[in-house]
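Enquirer:
Chains as they are written, first to last, in my numbering: chain U, 1 to 233; chain R, 234 to 466.
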């Protein structure tokens, strides 16, 4: 009887685990899909901006002098009726794309809050989503050493370095974080290593325990970055 | 006195000509800019469609069985509130892009009507605009032999043929016209040559006289295409 009980318990556990990992996979995929949409929207906005810019430079260059901020120029074109209909419609499309990008950002924020709140707290929802998308799942991110997380997204530079025996890259995706690219060049490597180690911790806590310690990790990180920056200054 | 008169007349003529060619250049540039916007919009629509399709396949595959036409699926997603907010916003963005593409199409139609009505009548406003964009101006298009017009846009294939001594391409941009790609392979070359010769005539009439003989050219062309097709059938 005990044997049977144990067996059913094991089966029940396996089913629960499968169900959890199935759910996790679903959420990971939602993150990947939303991030792809986000990236496409950014590209779409750039393309529309370029087309409007070409037109403005040729046909209404005074608008560029009037407003320094090109987003403001676009808003102006949309609100004025003196421009050709299609140019106004392009301006409207740009503003709609921006709205849509905000909606995707919100969605990524919500998904990261549910799935990987610690990672989101440490490096932000978008970059966190980018790391998860890069490796395919939170489970995989949680299994990676900090040194690998540090250079995720810099695979080309890594293989080039290995081939030509040059210096390996110091950062990949995480370079996009202001703490890294906003720091003096000589301490960027250190900051990238620090950030990657905290992301590794955050990903593991997210995957294995679900506790939220993101704020503490972030605080600790901020103090260390400040110390490094003042030392470098 | 006669000499002076002649001189002022010549100067006046030159000014008028410069002014006309300046205006023509302005319109040519408007055509080029509008066509670039058109092409970008088509790409944008494809990108948004792909992103929505990925999402639908994963999360709402039943929609695909329900509606065969993917544009209808997008309209459905937009009108339903059960999907995530960002997916609905992507659907809205698709519909807005389609509206915008119609506005650009109309603009290209209007510009071609003013600048190159004969070319527009023979091959359609979009393909006509594409030919003008390719060579940079109506003036340049009007100066090209039909054999060059026939393979405009197939430069890669042409140079490959010259390098490897293969067969030269039979058509470039004009391949996109249904009379060419919709005809049996063995008469496509003939139809392309015919079409190119009529475009050459149309471009010259547009550039040098401005008379409208587009309908006659088109009628003649249609008859010949029908004869060729029935001969080939």
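The beta carbon of each residue, even a glycine, is placed where N, CA and C say it ideally should be. None of the values given here were measured: they were computed from a predicted structure.
Please name the residue, chosen from U/21, U/11, U/205 and U/8, that lies closest to residue 247 of chain U on a Cα-to-Cα basis.
Expert: Nothing about residue 247 of chain U can be read from this structure; chain U reaches only from 1 to 233.
Enquirer: Curious, which full-length alpha helix (DSSP H) runs of at least 4 residues does the region 127-169 of chain U contain?
Expert: With a minimum length of 4 residues, the continuous alpha helix (DSSP H) runs that stay inside the region 127-169 of chain U are 138-143, 146-151 and 155-164.
Enquirer: Name, going along the chain, the residues of the region 320-332 of chain R whose beta-carbon falls closer than 9 Å to a beta-carbon of chain U.
Expert: Taking 9 Å as the Cβ-Cβ cut-off against chain U, the residues of the region 320-332 of chain R that qualify are 320, 321, 322, 323, 325, 326, 329, 330 and 332.
Enquirer: Determine, for residue 23 of chain U, whether the minimum Cβ-Cβ distance to residues of chain R falls below 8 Å.
Expert: Along the first chain, read from residue 1 onward, the residue named residue 23 of chain U stands at position 23. Not an interface residue.
Enquirer: Which class does residue 417 of chain R belong to by DSSP, given the choice of helix, strand or coil?
Expert: For this step, residue 417 of chain R is matched to residue 184 along the second chain. Residue state, collapsed to three classes: coil.
Enquirer: Taking 8 Å as the CB-CB cut-off, is residue 45 of chain U touching chain R?
Expert: Residue mapping note: residue 45 of chain U aligns to position 45 of the first chain, counting from 1. Judged by the 8 Å Cβ criterion, residue 45 of chain U is not in contact with chain R.
Enquirer: Which bits of chain U does residue 236 of chain R rub up against, with CB to CB less than 7 Å?
Expert: Within the second chain, the letter at position 3 stands for residue 236 of chain R. Going along chain U, no residue has its Cβ under 7 Å from residue 236 of chain R, so there is no contact; the nearest lies around 41 Å.
Enquirer: At a CB-CB cut-off below 7 Å, which residues of chain R make contact with residue 34 of chain U?
Expert: Position 34 of the first chain, counting from 1, holds the residue named residue 34 of chain U. Chain R residues near residue 34 of chain U: 319.
Enquirer: Residues of the region 276-304 of chain R in Cβ contact with chain U at a cutoff of 7 Å, in chain order, please.
Expert: So the list reads 277, 280, 284, 287, 288 and 291, given in the order they occur along the chain.
Enquirer: For the alpha helix (DSSP H) that contains residue 109 of chain U, what are its first and last residues?
Expert: Here residue 109 of chain U corresponds to residue number 109 of the first chain, with the count starting at 1. Looking at the DSSP string, the run of the alpha helix (DSSP H) that includes residue 109 of chain U is 85-115.
Enquirer: Residues of the region 336-351 of chain R with a CB closer than 8 Å to any CB of chain U: list them in chain order, please.
Expert: Cβ contacts with chain U: 336, 337, 339 and 340.
Enquirer: Starting from the Cα of residue 136 of chain U, find the closest Cα among U/168, U/109, U/95 and U/153 and give me that residue.
Expert: Position 136 of the first chain holds residue 136 of chain U. Residue 136 of chain U has its Cα closest to that of U/153, out of U/168, U/109, U/95 and U/153.
Enquirer: Assuming residue 265 of chain R and residue 289 of chain R make a contact with CB atoms under 8 Å, what is their CB distance in whole Å?
Expert: For the purposes of this step, residue 265 of chain R is identified with residue 32 of the second chain, where counting begins at 1. For the purposes of this step, residue 289 of chain R is identified with residue 56 of the second chain, where counting begins at 1. Going by Cβ atoms, the distance from residue 265 of chain R to residue 289 of chain R rounds to 36 Å, so no, they are not a contact pair.
Enquirer: Establish whether the CB of residue 37 of chain U and some CB of chain R are separated by less than 8 Å.
Expert: Along the first chain, read from residue 1 onward, the residue named residue 37 of chain U stands at position 37. Yes, contact with chain R.
Enquirer: In whole angstroms, what is the alpha-carbon distance linking residue 168 of chain U and residue 161 of chain U?
Expert: Locating residue 168 of chain U in the first chain gives position 168, where the first residue counts as 1. Locating residue 161 of chain U in the first chain gives position 161, where the first residue counts as 1. Using only the alpha carbons, I get a separation of about 5 Å.
Enquirer: Given a cut-off of 8 Å, decide if residue 406 of chain R and residue 363 of chain R are closer than it, judged by their beta-carbon atoms.
Expert: For the purposes of this step, residue 363 of chain R is identified with residue 130 of the second chain, where counting begins at 1. For the purposes of this step, residue 406 of chain R is identified with residue 173 of the second chain, where counting begins at 1. Going by C-beta atoms, residue 363 of chain R is nearer than 8 Å to residue 406 of chain R.
Enquirer: Could you name the residues of chain R that residue 29 of chain U contacts, counting a contact when the two beta carbons are closer than 8 Å?
Expert: Taking the first residue of the first chain as 1, we reach residue 29 of chain U at position 29. The answer, in chain order, is 291.
Enquirer: Could you tell me whether the Cβ of residue 388 of chain R comes closer than 8 Å to any Cβ of chain U?
Expert: Position 155 of the second chain, counting from 1, holds the residue named residue 388 of chain R. With 8 Å as the cut-off, residue 388 of chain R does not count as an interface residue toward chain U.
Enquirer: When you compare only the Cα positions, how much space is there between residue 326 of chain R and residue 202 of chain U?
Expert: On the second chain, position 93 is the one that residue 326 of chain R refers to. On the first chain, position 202 is the one that residue 202 of chain U refers to. The straight-line gap from Cα to Cα measures roughly 36 Å.
Enquirer: Look at the alpha carbon of residue 323 of chain R and the alpha carbon of residue 303 of chain R, and state the distance between them as a whole number of angstroms.
Expert: By 1-based counting over the second chain, the position of residue 323 of chain R is 90. By 1-based counting over the second chain, the position of residue 303 of chain R is 70. Approximately 14 Å between the Cα atoms of the pair.
Enquirer: Please look up how many angstroms separate the CB atoms of residue 248 of chain R and residue 285 of chain R, rounded, as I've assumed it's under 8 Å.
Expert: Locating residue 248 of chain R in the second chain gives position 15, where the first residue counts as 1. Locating residue 285 of chain R in the second chain gives position 52, where the first residue counts as 1. Not really, about 55 Å apart at Cβ, beyond 8 Å.
Enquirer: Would you kindly work out how many angstroms separate the C-alpha atoms of residue 332 of chain R and residue 41 of chain U, rounded to a whole number?
Expert: The count along the second chain starts at 1 and reaches residue 332 of chain R at position 99. The count along the first chain starts at 1 and reaches residue 41 of chain U at position 41. Cα to Cα, the separation comes out at about 18 Å.
Enquirer: How long is the line joining the alpha carbons of residue 163 of chain U and residue 151 of chain U, rounded to whole angstroms?
Expert: Numbered from its first residue, the first chain carries residue 163 of chain U at position 163. Numbered from its first residue, the first chain carries residue 151 of chain U at position 151. Rounded to the nearest angstrom, the two C-alpha atoms are 16 Å apart.
Enquirer: When you compare each of U/216, U/176 and U/30 to residue 114 of chain U by their alpha carbons, which one comes out closest?
Expert: Locating residue 114 of chain U in the first chain gives position 114, counting from the first residue. If we check each option's Cα against that of residue 114 of chain U, U/30 comes out closest.
Enquirer: May I have the straight-line CA-CA distance separating residue 317 of chain R from residue 117 of chain U, to the nearest angstrom?
Expert: Position 84 of the second chain, counted from the start, is the residue given in the question as residue 317 of chain R. Position 117 of the first chain, counted from the start, is the residue given in the question as residue 117 of chain U. Going from the Cα of residue 317 of chain R to the Cα of residue 117 of chain U covers about 20 Å.
Enquirer: Could you work out which residue in R/428, R/340 and R/433 is closest to residue 378 of chain R when comparing CA atoms only?
Expert: The residue you call residue 378 of chain R lines up with position 145 of the second chain. It is R/433.
Enquirer: Find the residues of chain U that neighbour residue 453 of chain R, judging by a C-beta separation of less than 9 Å, and give them in chain order.
Expert: The residue labelled residue 453 of chain R in the question sits at position 220 within the second chain. The contacting residues do not exist; residue 453 of chain R stays about 33 Å from chain U at best.
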